[in-house]
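Going by our numbering, the letters in the sequence shown line up with residues 5 to 225, in that order. Glycine included, each C-beta is placed from N, C-alpha and C at the ideal position.
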Amino acid sequence: MRSIEIIDKIQSEIPSNVKIVAVSKRQPQKSLDQLYLDGYRVFGESRVQELTEKYNSMEKDIEWHMIGRLQTNKVKYIIPFIALIHSVDSLKLMEVIDKLAVKHNRVVDILIQLNISNEEAKGGFLMDQINNFEKNRFIEYNGIRVIGIMGMAIKSENENEVRDQFTILAENFKEIKKRFFSEVDYFTEISMGMSGDYRLAVEQGSTMVRIGSTIFGKRDY
Ligand SMILES: *Cc1c(COP(=O)(O)O)cnc(C)c1O
């Protein structure tokens, strides 16, 4: 099946307000070109260099999402064009994005990445950290707009375990919304779910699924 047919099939099985980010990392350029030709415009990448190369070589009406860990010294390469940064995992990173966005006359949408597994390797804010922030922590910026959260479930064969993690993420979203965003209407997004678990994620309230290998096939390593 072509990538576009797979996306259409997935979209037909989930609510229409759930956005599918086609994760094209480590996929050959011709696969992205074909999906673009077939009309799809929402792509996700996890490394800055690969993202900027693909951005430079493709048409400019693509909505590019950054989903991988982002180093502060690399923000400058993506700030002119990035549509959404899913992986904001520190206040330092938020501040760098804000400063550069202002410089580029942009307001860049971002998601707060949450770490619910407490695994250091995973990256993301812990809820304990967030609970200690002042009320205006996320709304005081001119160059960024925090529109929601992003999270990942542990890799597990146990559906219940994965579902529980998505439930926790959805609950954390509500808590954060209530505490920090009660006076704005743009904090609406929950980015959770990948090829192996997007159905469970959508059941628990995901509004954005990041799907790679199911759409494009196995990645080049
Ligand atoms: C690679 C990646 C995905 C997509 O993974 P698949 O299993 O190929 O769908 C989603 N989210 C993040 C953060 C990723 O790095």
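Cβ neighbours of residue i in the same chain (closer than 7 Å, five flanking residues each side left out)
i, result
"residue 81", "52, 56"
"residue 15", "24"
"residue 169", "120, 157, 158"
"residue 8", "39, 42, 43, 44"
"residue 201", "157, 166"
"residue 162", "none"
"residue 220", "7, 28, 31, 35"
Strand pairing of residue i, partner residues [DSSP]
i, result
"residue 52", "Beta-bridge pairing links residue 52 to no other residue."
"residue 149", "113"
"residue 213", "24"
"residue 90", "For residue 90, which the question treats as bridged, DSSP gives no partner whatsoever."
"residue 194", "153"
"residue 67", "46"
"residue 118", "129, 155"
Residues near residue i in its chain [Cβ-Cβ closer than 6 Å; skip 5 each side]
i, result
"residue 145", "102"
"residue 28", "36, 47"
"residue 79", "100, 101, 104"
"residue 74", "91"
"residue 6", "none"
"residue 198", "214"
"residue 195", "90, 115, 154, 212"
Closer than 7 Å: residue i CB and nearest ligand 2 heavy atom
i, result
"residue 23", "Among the ligands in the structure shown, ligand 2 does not appear; only ligand 1 can be found there."
Own chain residues within Cβ distance below 8 Å of residue i, not counting five before or after
i, result
"residue 223", "29, 30, 31, 216, 217"
"residue 185", "142, 143, 150, 191"
"residue 97", "74, 76, 79"
"residue 117", "90, 91, 92, 93, 127, 128, 129, 153, 154, 155"
"residue 172", "120"
"residue 66", "40, 45, 46, 47, 59"
is_contact[residue i, chain B] using C-beta, thresh 8 Å
i, result
"residue 209", "As a matter of chain content, chain B is missing from the structure shown, which is built from one protein chain."
- Message: Within 8 Å, do at least three Cβ pairs link the stretch 148 to 157 to the stretch 185 to 193?
- Response: Touching, per the Cβ criterion.
- Query: Where the beta carbon is closer than 5 Å to any heavy atom of ligand 1, which residues qualify, in chain order?
  - Reply: Taken from the N-terminal end onward, the list reads 27, 50, 71, 198, 199, 214, 215, 216, 217.
- Counting pairs of Cβ atoms below 8 Å between the stretch 156 to 174 and the stretch 107 to 114, do you hit three or more? With the cut-off at 8 Å, the stretch 156 to 174 and the stretch 107 to 114 do not touch.
- At least 3 beta-carbon pairs within less than 8 Å: the stretch 76 to 91 vs the stretch 26 to 45: Using a C-beta cut-off of 8 Å, the stretch 76 to 91 makes no contact with the stretch 26 to 45, since fewer than three inter-stretch Cβ pairs fall below that distance.
- Message: Using 8 Å as the cut-off, can you tell me whether the stretch 201 to 219 makes contact with the stretch 168 to 180, which would need three or more C-beta pairs spanning the two stretches below that distance?
- Response: By the Cβ rule, the stretch 201 to 219 counts as touching the stretch 168 to 180, because three or more pairs are nearer than 8 Å.
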